[in-house]
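Asker: In this note's numbering, the protein residues as written are 523 to 885.
Glycine included, every Cβ here is placed at the ideal spot set by N, Cα and C.
I have a structure I would like to understand better, so I am pasting it below and will then ask my questions one at a time.
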Amino acid sequence: MKLKKTLAVAVLLAAGFAGWCWYSFLPPQITLNNKERVNVEHFLQEMKPRCIGRYAIDLPDTFTTDPANVMAFINKSPVRYKRIYRPAFEQKVRLREAALKEEKTLNALDLPFLKKVYSLPVGMEGVIFERNDSQSRPDSARVLEAHLYTNGVAVEIEFKSRNGLSSRYNDDRQSIPELYGNNVPQRLAELINLLTRISGKKETDIPVVPGFCLPEIFIADGQEEQEESIDVIYKPSGYPMLKISFDTDNVSRPGSSLLERSVLMKQKISEAEGRTLDNGERNINGLYAEQWLAEGNTGDGIGEKAFRFAVNIHEKTAGPTTPRLSVSFVQRGLEGNGLLSENEAISVWQTITDTLRMRPGAY
């Protein structure tokens, strides 16, 4: 099994590997030559803070992301966003409503597909569509589909809900009452409460109040704890084969940490004809972290090598105020134009991850 299928899973998803060499709380010892030093300084120029979940990190200004590279969930409900002009948002909502009205179902009894349209509270821009979950499922399965416009950002959130009060479900309600009641009013109130706490922001804006960050929106904390997760990929201009990924949530808690899985990763890295560049413990701004740096085959059949680095925080102690965080660095190719050398990659990695911190005021 090659590195793409094994090390990628292990590193990027922190299902991973641990070490033979231990440099407890010490960074890799590398020496840059003059050319490498110039390249690293150029790569790292104009570092700016970014807010990811409850954490903050400084990245070079050349690093960008877009909504296609962001996957976020609040209480298991997907949250999507895109920066657009207000007329485009208004047109988008109109077209979506028209499409839902025209949607068909396999069973005519489940029509209309669009059940109801709710306006948002005064002072908010947007709408909530109550619709069927799908064309094929009975219309007792509903979705509350919210469209919000805030500070130039269009936000979409979907809440699952149920309304089985139709007389056609009377018999079903007798046998499975929990599936054929009506929780739409409750779910609608929860959704509106969430929407009132969402605000659009610039990607480099760092909020100072408790809440959860996506690149261009901020979700302020409410009165109840919430499950939250986000995956983000950042890519630098001029380095098309390089990316840094972030994966954080306050729910998952693996049974072992990065440095406790050495036996498995020793085997996988060997199978991928790879090698370890460094691994061990780190203390990053008061956060206990475990990291692994490796290079090896990408597994695409052409023998291309790649650097894959990872650092994990709160892997075994994830909770409401201690969210798990995994940061990974991947570069396909080890030398050539638009690629960092081994020393450069390690230096860049160390400098960037040294800025990892819990965002002040996150809780």
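(1) Assess, as a yes-or-no matter, whether the segment 652-662 is touched by the segment 682-693 under the definition of 3 or more beta carbon pairs within less than 8 Å.
(2) Note the first and the last residue of the continuous beta strand (DSSP E) segment covering K724.
(3) Should R879 and A578 be called a contact, given that it needs their Cβ atoms to be closer than 9 Å?
(4) Quick check on DSSP: helix, strand or coil for A621?
(5) Identify, in the order they occur along the chain, each residue of the same chain with its Cβ nearer than 6 Å to the Cβ of E725, setting aside the five sequence neighbours on each side.
(6) Does the segment 590-600 come within contact of the segment 744-760, defined as at least 3 CB pairs closer than 8 Å?
(7) Could you have a look at T875 and say whether DSSP puts it in helix, strand or coil?
(8) Terminal residues of the continuous alpha helix (DSSP H) containing A711?
(9) Which of the three DSSP states, helix, strand or coil, is assigned to Q657?
(10) What is the residue span of the alpha helix (DSSP H) that K788 lies within?
(11) Write down the C-beta distance between M569 and L581 rounded to the nearest angstrom, noting that I regard them as a contact closer than 8 Å.
(12) Given that a residue counts as buried once 16 or more other Cβ atoms are within 10 Å of its Cβ, and exposed if not, what is S697?
(13) Can you check whether the CB of E625 is closer than 9 Å to the CB of F635?
(14) Under three-state DSSP, which class holds P776?
(15) Is it buried or exposed for A620, if we count other Cβ within 10 angstroms and need 16 for buried?
(16) Quick one: what's got a C-beta closer than 8 Å to H564's C-beta in the same chain, skipping five residues either side?
(17) Can you tell me where the alpha helix (DSSP H) holding Q696 begins and where it ends?
(18) What is the residue span of the alpha helix (DSSP H) that N556 lies within?
(19) In terms of residues, what are the limits of the beta strand (DSSP E) holding D769?
(20) Nearest-angstrom Cα distance between A816 and E652?
Answerer: The answer reads as follows:
(1) yes
(2) K724 -> no beta strand (DSSP E), and no H or E assigned at all.
(3) yes
(4) helix
(5) P737 and E738
(6) yes
(7) helix
(8) V706 to T718
(9) coil
(10) S784 to E793
(11) 7 Å
(12) exposed
(13) yes
(14) coil
(15) exposed
(16) none
(17) N692 to S697
(18) N556 to F565
(19) L764 to D771
(20) 49 Å
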